[in-house]
């Protein structure tokens, strides 16, 4: 009987444990469901991430050449598409061929004025010394006022376009008093070397390459004229569907800049190998580039960009007045 009582006690304890376990399990499931309803789903990167870049995009080039994003987004196909300048990149972004990319200050202004559905998602600090207006070493152009009547080469809708605009303003030369030659960087350099243009507005690394190879005279840099901000932009749909991916990209870009600052020699080699520039040119290019941590757009940066937009509108170079803040990404906290 004692053994029978022990077995009955054990049975009751076991049954009680099973029932309590079932109740506990049910409670756990219900609690989990409650949490699932209150917490956001785990962020999943998109199937593909198409990145537009230029030779001037140091942080992006370092990420590309070191395979960082391919490791970071292992379940996404990361594609890299190179463009000669920002306007072409943003056109591709606007038609859905690219998801994310870097340009200078002017291309987003022209894109917004044309109704392209893009968002500013990040910015690098100003680098006015990284762009310049060049003239031949023997040129009679000695100051900004001397640009009157001259043929000036630059990429239309680029940061160089704004630099020319500001230089003319400082030199008290009307826009209608110059002959703009709208050329890509490669075309402009060829025209400059042939002598078919009088001046050339350009940014690094093309600026550094020209200095080393053809030794022009620097009429002015952007210092005191144009901040030469760089912006990361993305298609609105991409941002809205993958805000977490945008945050991850900006973080990776800042890490790339840290690499560039702390491994200057290695970074210069990587840039030289990718661009085909010699090492001396690569060092010159990186040497005048300030630390370029990537942040969301500050009110100061937005105000600077608004001045760019207003200047183009004032001269009738864009079809309508725009408000830059309308297309700046404001991530949810």
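Numbering (my numbering), first residue to last: 12 to 344. In this text, a Cβ means the ideal position worked out from N, Cα and C, and glycines have one as well.
**OP:** Kindly list the residues whose CB is nearer than 8 angstroms to the CB of residue 6, restricted to its own chain and excluding five residues on each side of it in sequence; keep chain order.
**Re:** Since the first residue of the chain shown is 12 and the last is 344, residue 6 is not available in this structure.
Original post:
Could you give the residue range of the alpha helix (DSSP H) that holds residue 171?
Top reply: 170 to 181
Original post:
Helix or strand or just coil, what does DSSP make of residue 213?
Top reply: strand
Original post:
Between which two residues does the alpha helix (DSSP H) carrying residue 293 extend?
Top reply: 290 to 298
Original post:
Given residue 163, which residues of its chain have a CB within under 8 angstroms of its CB, disregarding the five upstream and five downstream residues?
Top reply: 144, 175, 189, 190, 191, 192, 208, 209, 210, 211, 212
Original post:
Helix, strand or coil for residue 332 per DSSP?
Top reply: coil
**OP:** Go to residue 236, then tell me how far its beta strand (DSSP E) extends in each direction, as first and last residue.
**Re:** Per DSSP, residue 236 belongs to no beta strand (DSSP E) and is neither H nor E.
Subject >> the region 240 to 255 contacting the region 149 to 167, beta-carbon criterion three pairs below 8 angstroms >> reply: no
**OP:** Taking only runs that begin and end inside the region 219 to 266, name each unbroken beta strand (DSSP E) of 3 or more residues, in chain order.
**Re:** 228 to 232, 241 to 246
Original post:
How would you label residue 205, buried or exposed, when you count the other beta carbons within 10 angstroms and need 16 or more for buried?
Top reply: exposed
Original post:
Rounded to whole angstroms, how far is the Cβ of residue 60 from the Cβ of residue 87, which I believe are closer than 8 angstroms?
Top reply: 5 angstroms
Original post:
Under three-state DSSP, which class holds residue 143?
Top reply: strand
Subject >> Helix, strand or coil at residue 94 [DSSP, three-state] >> reply: coil
**OP:** Give me the Cα-Cα distance between residue 231 and residue 147, rounded to the nearest whole angstrom.
**Re:** 13 angstroms
Original post:
residue 149 by DSSP, collapsed to three states: which one?
Top reply: coil
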